[in-house]
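One structure is given here, and the rest of the page talks about it.
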Amino acid sequence: MQSYRRWVKGGLEYPALLLALLAALGMVAMVAIIVTSVISRKLFSMPLPFTEEFVGILMSVSLFLALPQVTLKGDHIRVSMLTKYLKRQSPVFHAIALLIATISGVFFCGWILIESKEWFEFAFSRNLRTETTRILLWPGMLALPVSIFLTSLILVARHIGWIDDLHDEESL
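First residue of the sequence shown? That's 0 in numbering that gives the first Met the number 0, and the numbers climb one at a time after it.
Here it is, written out as structure tokens:
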């Protein structure tokens, strides 16, 4: 069972880490583009024409690409007052609260996946591009379903016990 848990954990950790690395690179690219645009505006009175569109796409993509890693590490905002109380008072109600949280998270991820599929297919089939610089939209839109699917797998794996919860609620 330990080797299976290690296999599942690695199978979720490495893709989440790769997506987080891509998110970090996207953020660095955002800063580089903005700095370059500001410098070219001040020195040459000629800002980069694609700055706003490209930075907007990079910001959205970076946000969603970082989500699986944040969920895996448990570094997101948690409302733990109720679960701490339930853990002390009743392990059964604590388990029920965690089950409800997992089901809610997976349901939300599933809903977002269904909605994003239609939008992605629409953008892909029509080859949609941004207005000013004609940047393709569907590659950036692909980040949402990929990251949300991985996030839902992480939520389920953590609830089943295949991934340890790194942050014990007592320490919060």
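Ideal placement from N, C-alpha and C gives every residue a C-beta, glycine not left out.
Let me check understanding here. Comparing Cα to Cα, which of the options lies closest to residue i?
i: Phe106; options: Phe49, Thr150 and Leu85; result: Thr150
i: Gly10; options: Leu71, Leu85 and Ala100; result: Leu71
i: Pro46; options: Ser36, Ala100 and Phe63; result: Ser36
i: Glu120; options: Leu85, Ile38, Leu136 and Glu130; result: Leu136
i: Glu181; options: Ala28, Pro67 and Phe63; result: Residue 181 lies beyond the range of the chain shown here (0 to 171); nothing can be said about it.
i: Lys8; options: Pro67, Met26, Ser44 and Leu42; result: Pro67
i: Met58; options: Phe123, Thr129, Ser124 and Met26; result: Met26
Between residue i and residue j, is the Cβ-Cβ spacing less than 8 Å?
i: Ala65; j: Ala31; result: no
i: Leu16; j: Ser146; result: no
i: Pro144; j: Leu97; result: no
i: Thr101; j: Val155; result: yes
i: Phe63; j: Ile134; result: no
For residue i, count the other beta carbons within 10 Å of its own beta carbon; 16 or more makes it buried, fewer makes it exposed. Which is it?
i: Val34; result: exposed
i: Met140; result: buried
i: Ile159; result: exposed
i: Ile56; result: buried
Given this structure, state the Cα-to-Cα distance separating residue i from residue j, to the nearest angstrom.
i: Arg87; j: Gly73; result: 21 Å
i: Asn126; j: Ala142; result: 17 Å
i: Glu114; j: Phe92; result: 33 Å
i: Leu81; j: Pro90; result: 12 Å
i: Arg157; j: Ser2; result: 16 Å
i: Thr132; j: Trp161; result: 45 Å
i: Leu152; j: Trp118; result: 22 Å
i: Cys108; j: Arg40; result: 41 Å
i: Gly104; j: Val69; result: 14 Å
i: Glu12; j: His75; result: 16 Å
i: Phe148; j: Val54; result: 24 Å
i: Ile95; j: Leu85; result: 10 Å
i: Lys83; j: Asp163; result: 17 Å
i: Ile38; j: Ser44; result: 9 Å
i: Lys116; j: Pro138; result: 13 Å
i: Ala122; j: Thr129; result: 11 Å
Starting from residue i, follow its DSSP beta bridges and name the residues at the other end.
i: Leu173; result: What is shown of the chain runs 0 to 171, which leaves residue 173 out entirely.
Should residue i be listed as close to the ligand MG, given that the test is whether its C-beta is under 7 Å from any heavy atom?
i: Val60; result: The ligand MG is absent from the structure shown, which contains no ligand whatsoever.
Compare the C-beta of residue i with all C-beta atoms of chain C and state if any pair is closer than 8 Å.
i: Pro138; result: Of the protein chains in the structure, only one exists, and it is not chain C.
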